[in-house]
Every structure is written in structure tokens, then in C-alpha cells.
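Here the structure is laid out as C-alpha cells; the discussion comes afterwards.
There are 2 protein chains.
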Amino acid sequence: MEMKTLNNSNNNNQSDSSSSPSSPQRKRVMNPLDPEEFRKQGHMIIDFLADYYTNVSNFPVRSQVEPDYLRKHLPDSAPLFPEPIESILEDVQEHIIPGITHWMSPNYYAYFPSSGSVAGFIGEMLSAGLNVVGFNWISSPAATELETIVMDWLGEALKLPQQFLYKGSNKNGGGVLLGTTCEAVLCTLVAARDKKLSQIGRDNIGKLLVYGSDQTHSSFGKAAQIAGIQNIRAIKTKRSNSFTLTANSLLSTIRSDIKNGLIPIYLCATVGTTAIASIDPIMELCDVAKEYGIWVHVDAAYAGSACICPEFRSCIDGVEGANSFSFNAHKWFLTNLACCCLWVKDHNALTKSLATNPEFLRNKASESKQVIDYKDWQITLSRKFNSLKLWLVLRSYGVENLRSFLRNHVNMAKTFEGLVKLDKRFEIFVPRKFSLVCFRVSPSTIIATRSNNNHNNGHDYYGKLVNDGDDYLVNELNKKLLESINKSGKVYMTHGEVEGAFVIRCAIGATLTEEHHVIMAWKLIQEHADSLLASY
Amino acid sequence: MEMKTLNNSNNNNQSDSSSSPSSPQRKRVMNPLDPEEFRKQGHMIIDFLADYYTNVSNFPVRSQVEPDYLRKHLPDSAPLFPEPIESILEDVQEHIIPGITHWMSPNYYAYFPSSGSVAGFIGEMLSAGLNVVGFNWISSPAATELETIVMDWLGEALKLPQQFLYKGSNKNGGGVLLGTTCEAVLCTLVAARDKKLSQIGRDNIGKLLVYGSDQTHSSFGKAAQIAGIQNIRAIKTKRSNSFTLTANSLLSTIRSDIKNGLIPIYLCATVGTTAIASIDPIMELCDVAKEYGIWVHVDAAYAGSACICPEFRSCIDGVEGANSFSFNAHKWFLTNLACCCLWVKDHNALTKSLATNPEFLRNKASESKQVIDYKDWQITLSRKFNSLKLWLVLRSYGVENLRSFLRNHVNMAKTFEGLVKLDKRFEIFVPRKFSLVCFRVSPSTIIATRSNNNHNNGHDYYGKLVNDGDDYLVNELNKKLLESINKSGKVYMTHGEVEGAFVIRCAIGATLTEEHHVIMAWKLIQEHADSLLASY
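As you go down the protein sequences, you meet chains A and B in turn.
In this text, residue positions in the first sequence follow our numbering: the first is 1, and each later residue adds one.
In this text, residue positions in the second sequence follow our numbering: the first is 1001, and each later residue adds one.
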């Protein structure tokens, strides 16, 4: 990098080129986009990251730092003068890497995966390097057109009904790339809200009502809250229905809400819930919703990826009755963060709420109505060239290989599930779906262990009275187990809670995970369970 | 990349490893994160982009493709089998590059700049490569802590009052990195809305009212619309006040609105408006707002960067009276898209509206209240490791060099402004602010040219009657001029409209722009004006 006027080592550069009037050439302060410097530093970072992937399984998966660890390693203020990339990279290695939780580790099983790939990464590089702002067509036609095409490609791979595709719907439907599901829900919710308010008057916003289940992702309630909708119904699900939202419970809730003067506008149905990957019955729910003019959004954030495999496509059967469908390609589709794919049947519903037409963006192409301006399909104005990475992923791997890749994770989850089932101390809490296994040390194990080991006058291992209830004890033991394995740094799993039960979630999907990692993870869990139960 | 089971050239691979049960080793379908493949492809892309920067000034700045150009170059469906990176890069070169508008070109002067840099790019690479999802502290402590620290660094460089800094405010204030200003406005607006509604009851949402001026960015009205606020007042500005929102006009509008039963909650003041970079008087506006308990957000999306220079800092004098302040580091601060910096005095106001606490994210660190969970400061749950690129920019260049860099752009804008002033056919429409020059062919030139050239019975060059009004003619000629220079591909500028006048905006700030580019741009404008006026 040309740092002619100022440098770190010498502050007495009063006589340098910028302070003295000089030729235009010499007046150049620095070129922060010098191609040769770009090349040098870019190659360094590629090697840094390649080495990182080589070694990532050696790091503790969940970061082991304490709160506020970083401030003591960094200066109090930004530097006044340039620092060399070598020093910065040293700091990344020494102070940043220990503070990250390694989502790229093969031993990462927490939350849902964030499955990066070479193709996803280089797509992001191209997008960051070209650095175009694709708010409307003219600001970079390729950014808009590639997005439309790739979303048609992917929609087709998912066998979405033609109405969701741009080319298949006479340009009424189509897909758009947003950052996260929260955005997909907020955009469609606002569309549904405004459609209703345009009929009944804006003053009735307080009567609007939206539906999800108690398994719906928390971003749904947050989106409704942002949109100024105060009535958010989280309909209770039951174990007997595999924690899905049933059409009957939706119907009876709607009827009672309408009786009470509320106006239902939106249902968020989920394919692959966060806690346990349950699958709401889309077709039946859409039938009910249709009767009441309710917008149905299908949130398949995690499980949507799997629907490119014929054997999983039935999970979204009935989506033709929905208004919108989204899944996160950054979760389990090899596309680096962030990449939420949203399709709508009627993009006019979105643009009626979200379009702006400020003078500074007016241009012939937009006025011709021959082009899409994606700014009107989303919350923000500015947007990156989002489709490059998804295009790279689809082309670099191909749909067939992507299917194999997903099946491979599902198979590893089957392996893990099989191992859990072989150990009678554990139970599979709900039948495995996709690549998520939900399990726990079973209540019977804990009761049996306690009656064998516990001779301390009605007090258990945790100093609680036994008659506090077994549920509490079962949950506490499983919490201890989870914390114990995560503390080891060898794997990272997280938990869910359904009907008061604390379950450990093993979400397989990190790109580097192979079968031997999964087997190792299970052995680790057994070892930690051994010692926990022994000391019980 | 190990593509063992499937490849492009051979579709008859029925006997390959994935189809036949085999050893776990052979069952591996592919490794989409193979470090050596990552290295190979990563280096290729670095060279591709370095070459792109070397040649970027040769491309037409504004893309010259026609709507729907891309579909004919790409297949109808995603490929089933992998394609080599070499073919994909060829397509990028042949079909994508011609379809992008080159925001990285030194001849780019449209909208506001998107000033990428080596540091901004490699920060983005590190973030994409580590691919962590930093929604809460535990999900990657470094992602949270570096953000807090860097936002304190940058806040200090801007001389923001201590209440906006985390460390300076006893942890009540602080900064957060969002994608765009739209998000900053929406988050703070929702906070202000809910604060008021908690006092007066949610049913009063229809009475809430927000203020901006007719120069406020369009995203403000959109954010209010998303938040369910129907009363959006765009107070008229005047040329006599340099198109700023005056305290008097705000005060009288508030008084009349309150009389009419409305409840003002929020003011979006702007430092560096989109059309002409006017600067609202923050201090006076805050004084008025304070009296009525109105939340003041200062949107300095473009001009905020310049405030790290002491000579520009006065533009945000009075910010201590505001509740929140934001600027886009991706505009004019060398940080690749997207990076909006938002500071608030009271982050509890944000989290009261935006916090969620779902079971699956519960963890000891969050419960200890010792850490920040940035998910509660923003709309979405998922978030990238946003601070890396800003950290890289601050360290790689240093605050002093960043100041020089910005001053260099301002100096180039002065040069351009000086050239415009020398040509009596043109006028500077409003005094230059920062690096934005607003100019046009002056009305007097057009009137003079018309009376010299026009002998066609009261019809002018465009076939309009002369008595349609001169304003129309002036605007039409300037539109023609702008379209003509943009069509040449040699520069790209866009326009603004104030008080009905169409002005050409020359926004200097692309990273690669040097003085000779600016001089060339002016010559080009003169040439096009010559021929337009000659044929007039």
C-alpha cells in the first residue's frame, strides 16, 4: 500500500508530499485499492484461512474466553497511523481466534449449522470485491438479473409451484435474496398487514392478529412487534401431534378470535422447527387459512435445503396454497452467511408496502416497468450482489452433488441416532427429522440411578428434595451433561425445550463433519454421562 | 475439490462410491471445504479481482446492457453436476462484468460512493471465511467484543459525546454495526414508538407522528411505514435556508400537530442530505425536540465519515442532544458494503423493543448480564462478524491517513467546483459541501441559447411551446446532458431535484478517483454541453 504521507515510525514528516504543494502525482495520499497490494494481502488471507480450515478441529469448539477478555488485548483508541497487515493477522491469530466459537469445526453441532464452502466463500469474495450496490436494476443489471434467474433455478430444484417462479408465473411471482428469515417474515407480514388495512382502514391496526405455534421461531413474534402488530398468537402444540400446529387447533383458535373481534391476517407455518425440527402440515393449514383470507408464510429456514431431495420434498407438500416460502441457504446449503431465499406468489403485495420512488433513483429502466428493482422487495435500500454466492454453489457442486451432501448429513444423523438408541440410559426424545437428533438421559435412568446411589435422607445429588419432582432432576442432569461436554471444547451442542423437557440437540450439518467425528462425539457424551451418573 | 461421486463429463457413474455401500472413507461425497481446493480457488479469485481493479477504468461505468440481457446467456436450470471454476469465471468475465455498473471505477460519481479498499475487502474475507453467526456473545465472544471496542474507537475518532460510547457511558450507550441506515432508522424508530406506547397505550399507535424534511432520505418514510406509523411529516425546506430543516419550522409544525391531537415521537435530522448534502442544524433541532420528548436520530450516512476531520466536526455539533447517530462506513469510509454504524445513548431503549429470549439461546453468559447480545440491538437474529472489516480499515490506514484520504476527495471536489465556476454556461446550484458538487447548465444559458438559435415559431428544440415555462426547458436540457455523458460510458453521475430544479450531482469518493479523472470528467461534460447547446 502506498502510504506516502504518513507512517507509523515517523511522525515528523512535515516535509512530505501532502503538506507541500506539489504535482498532482505527488499529492496522492495513498491508494487503498492498489491492485498489487490487494494481490499481496489477498493471497495472505487465503493462506491464513486455508490453514485455519486445516487446523479448525484442534480448537475448542465453543470459545472458552471470559466476558470482556478482548479489551485488555487491544489499545484504547484507533491507531493514528497505519499498521502492517502482518501485525493485524498476528492479533487475529492470538486474540480473535481464541474468542470465536468455531462454526466451521467438524465438531460443531449447535443451533443449526452455518455450512460454508469454497464456492460460497468465493462468491462472497466476488461480491465484496466488485462491491456494487444493487438497489435497482440500473445500479447493476447483472446483480438483479442473476438473482431472478438463480432464484428460478433454486425454486425449480425445490419443485416449488410455478406461481413462485418469475418465469413460470408470468412475472407475478419470483424470488429474492434477503439476509435472514427475520427479514423474510417482516417483509411478508408488512405486505399482509397493509393489504388488510387498505380494506378496513389503518385505524384498525390494533385488531390485527397473527398466528404461529409455540414452536415457531422467536423472530416471528419480533417481526410482528416491529410491524406494530400487538396480537400474536402462539398456538400450543402437543407431543401427541409431534409438536406440530394442527389444522384443527388453528381453526378453533381463528373462530374464537374472530368472535372476539380480532382480525387474523397471517400464519407462519414451520417446516423444521428450531427446537426439534417438527413439520407443520402445510396443506391442511393452508386450507384453513384460505377460508379466512390469511396470508400463509412457510418458514423452512433449516429444512428447506433438504427439499431438493425427492425423498424430502413431501415435507412442503401443499406449499402451492401458501403465499410465501423461505429457507436459509446459509444454514445447510453451503452458502456462506447471510443468504435467506424468499419466494412470493405475488410480488406486487410486497412492493405495494415496500416500494419507494425517490427522485434520485429515477431512471428510464425502472420507469419502463421492464425490470425488477429489488429495493422494493426488501426492508433496506442498499443491497449487495447477493446471488453470486448462490450461483457459485449451484454451479460448483451441481444439484445432484448437493443432494448427496445433504443425504450424507442425514445418514450421519441416522448413525448418531442409532448409537443413542443402543445405550439404554438415553432416549431419543422425538423421532429424528433430517439431520437433527434430539436426545437426553432418560428419566428412568435418573430414577434408577438415584435409587441405587442416593442414601442421604431424601436429598438428591443437587441438594434438592426428591419430591421437588422428577422433571426438574431430569432436566438438571441433562443440563449438567450438556455443559460438561461443551466445556471440554471437543464438541458444541445446544439444547431445546419442549413441554418442559430439556433436550440435547445434535444438529449435524457443518461442512467438515465426517462420520468419525459423529462417532467420537457420541463416545464423548457417553464418557461424560458415565462420570456424571457415577457421582450422582 | 474432491468430486468423487459425480462429475460433469460422465453421467454413467452408477458404480461410483456413493451408490455402493462401502467404507466410510469412500462414502464421502465431496468435501466442499477442502483446504487445498480453497487455496487454489481463493488465489484465483484474488488475481481475478486484482486484474479487475487494474482494468476497471476501461469498462463503461454505467452498464450498457438492455433489460433481460442475462437470461439468454445462462441455462434455464441449475446444473445437475459440478462445473469447473474456470468455466464459471469465464462466465463472470463475459456475462456478469458487462452487466455491472462499476462502482469501483475511478470515473464513478453517481449516488454516493461505495468506497471499497484492500482492508475492507480482507476484513470481509475473514468474516466470510470464519463464517461465525454472532447473534449473542457465546456464539462467538470475539465478534461481540470487537464490535463494542471498534465502535468505541470510531465514536472517539468522531468525537461523539461519552454517552454514546460503551466504555464512556457506564455501559448505557454504545455502538452497533447494522447493514444500512434503513435498519438504523427502523430500530431506533421502533424503540421510540414503544417507549411512547408504553406510556399512552398501544391503541394510540394511530396518533403517533414522526418528522423529517422534504430532503430526508426515502428510507425514513419506509421505516415508519414498516413500523406501522401512518403520520409522517416531511417538513418543507427552502433554498433561502440552504434546504435545511429549521428549528422554527419544526417548532411550528409540532405545535400545530399537537393541537390536532397527534403525538410526535421521532425526528430524523440529516447531516449531508442525499440530493445536495445539506446539513440540518442539529443543536437547535434537538433543543426543540427535547421540549416535546421527541427522539432525535441524526442520519449522517454520507457525511458522517468527514466528521473525523476536525474541520468538519462542527457539522454534528449538538449531537449530544440527540438520542442516536448513524453513518455508513460503506459509503465514504473504505469499508466494503454493508456497514452502517449506529450509536445510541441508551441501548435499553433498543433492547426493550428488540430483545427476544428464546429457550434455545439461553446461556450462562447472557444470564449473567455481563455481556452484550447484539441480536437485541437489531432487527434480525443472525449476524456476521461485522466489525472485522472496520477494525481492518482503522488499523490498516490509521485515523490520520483516513483524514487525508477524505480531504483528498474534498480537494478534488473543490477542483471540480472551480472548473464549473470558470464556465459561465454552468452554475453551482448550491454551495459545495464535502465532496459533492451540485451543478447544472444555468437557466440564463438556455434562455440565451434559445433566443440565439430558436426561430421556429414559438416551438423550442423539444417541440414544447416556449411558454410552457423555462424551468421545464432547463430541466430537460440538463437531463439530456446527464443522459448523454452517462451513455458515453466514460463517467457515471446521477441527479437530484430540489424545488423543482433538476441538478447534476458529482459525488467524488470512489477509492480509485484521482485528480486527473475529475478533470477528464469535467472536460467530457463540457464537450457534451457544447454539442447539445449547438444543436439546441
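All C-beta atoms, glycine included, are put in the ideal place defined by N, C-alpha and C.
This one's a predicted model, so the numbers in the text were calculated from it and none came from an experiment.
Problem set entry | Top-ranked residue by Cα proximity to F243 of chain A, from A:A223, A:T270, A:S252 and A:G261 | A:T270
For this session: Report buried or exposed for I265 of chain A, applying the criterion of at least 16 other Cβ atoms within 10 angstroms of its Cβ.
Result: buried
Exercise. Can you give the Cα-Cα distance for M1104 of chain B and F1333 of chain B, rounded to whole angstroms?
Worked result: 14 Å
Exercise. Using a C-beta cutoff of 8 Å, does Y1109 of chain B count as contacting chain A?
Worked result: no
For this session: Compare the beta carbon distance of F1360 of chain B and H330 of chain A with 8 Å and say whether it is the shorter of the two.
Result: no
For this session: Starting from W295 of chain A, trace the beta strand (DSSP E) both ways and give me its first and last residue.
Result: W295 to D299
Exercise. Alpha carbon to alpha carbon, how far is H95 of chain A from H1043 of chain B?
Worked result: 26 Å
Exercise. Exposed or buried, N401 of chain A, counting other C-beta atoms within 10 Å across all chains shown (16 or more means buried)?
Worked result: buried
Exercise. Under three-state DSSP, which class holds S1531 of chain B?
Worked result: helix
Exercise. Unbroken alpha helix (DSSP H) runs of length 4 or more, entirely within the stretch 1249 to 1333 of chain B: which are they?
Worked result: 1282 to 1291, 1310 to 1313 and 1329 to 1332
Exercise. For V1210 of chain B, which of helix, strand or coil comes out of DSSP?
Worked result: strand
For this session: For D471 of chain A, count neighbouring Cβ atoms within 10 angstroms of its own Cβ and tell me buried if that reaches 16, exposed if not.
Result: exposed
Problem set entry | Beta-carbon proximity check, L1186 of chain B vs A1223 of chain B, cutoff 8 Å | yes
Exercise. Is Y302 of chain A closer than 8 Å to F112 of chain A when the C-beta atoms are compared?
Worked result: yes
Exercise. Under the three-state reduction of DSSP, which class applies to W1343 of chain B: helix, strand or coil?
Worked result: strand
For this session: For M1151 of chain B, I'd like the list of residues in its chain whose CB is within less than 6 Å of its CB, leaving aside the five on either flank, ordered along the chain.
Result: G1175
For this session: With a threshold of 16 other CB atoms inside 10 Å of the CB of D1530 of chain B, please say whether the residue is buried or exposed.
Result: exposed
Problem set entry | Other residues of its chain near P443 of chain A: CB distance less than 7 Å, five sequence neighbours each side excluded | D470 and V474
Problem set entry | Closest residue to V1491 of chain B among B:K1480, B:C1506, B:S1087 and B:E1499 (Cα-Cα distance) | B:C1506
Exercise. Checking contacts by CB at 8 Å: is Y1397 of chain B closer than that to chain A?
Worked result: yes
Problem set entry | 8 Å Cβ cutoff met for L33 of chain A and Y1052 of chain B | no
Exercise. Helix, strand or coil: how does DSSP classify Y462 of chain A here?
Worked result: With a pLDDT of 44 at Y462 of chain A, under the threshold of 50, the modelled position of that residue is not reliable, and the figure given next carries that caveat. Y462 of chain A falls in the coil class under three-state DSSP.
For this session: Using a threshold of 8 Å, state whether the C-beta atoms of N289 of chain A and V296 of chain A are closer than that.
Result: This sequence places Ala at residue 289 of chain A; Asn is not what is there. A contact, by the Cβ cut-off of 8 Å.
Exercise. In terms of residue numbering, what span does the beta strand (DSSP E) encompassing I1232 of chain B cover?
Worked result: N1231 to I1235
Exercise. Can you list the residues of chain A that V1430 of chain B reaches, using a CB-CB cut of under 9 Å?
Worked result: Result: empty, since nearest Cβ-Cβ is about 15 Å, beyond 9 Å.
For this session: Taking the CB atoms as reference points, tell me whether E144 of chain A and V344 of chain A lie closer together than 8 Å.
Result: The amino acid occupying residue 144 of chain A in the given sequence is Thr; Glu does not appear at that position. Not in contact: T144 of chain A and V344 of chain A (Cβ atoms no closer than 8 Å).
Problem set entry | Closer than 8 Å to chain B by CB, E37 of chain A | yes
Exercise. Which chain D residues sit within Cβ distance under 7 Å of I46 of chain A?
Worked result: Although the question refers to chain D, the structure presented lacks it and instead comprises the protein chains A and B.
Problem set entry | Endpoints, the beta strand (DSSP E) within which F1439 of chain B is located | L1436 to V1441
Exercise. Relative to the ligand NAD, is the shortest distance from any of its heavy atoms to the C-beta of D1346 of chain B smaller than 7 Å?
Worked result: Summarising the ligand content, the structure contains no ligands, and the ligand NAD is consequently not present.
For this session: Tell whether a beta-carbon distance below 8 Å holds between N486 of chain A and F502 of chain A.
Result: no
Exercise. To which residues of the same chain is C341 of chain A closer than 7 Å at the C-beta, ignoring the five residues directly before and after it?
Worked result: M151, L154, G175, L177, S326, F327 and A329
Problem set entry | For R1505 of chain B, the residue or residues it bridges with in DSSP | B:C1438 and B:T1494
Exercise. Who are the Cβ neighbours of Y108 of chain A in its own chain at under 7 Å, not counting the five residues just before and after it?
Worked result: V61, H102, Y492 and A510
For this session: Within 10 angstroms of the Cβ of S451 of chain A, are there 16 or more other Cβ atoms? Answer buried if so, exposed if not.
Result: exposed
For this session: Give the interface partners of L1422 of chain B over in chain A, defined as CB-CB distance under 8 Å, in chain order.
Result: Ordered by position in chain A, no residue passes the 8 Å Cβ test against L1422 of chain B, which lies about 18 Å from the chain.
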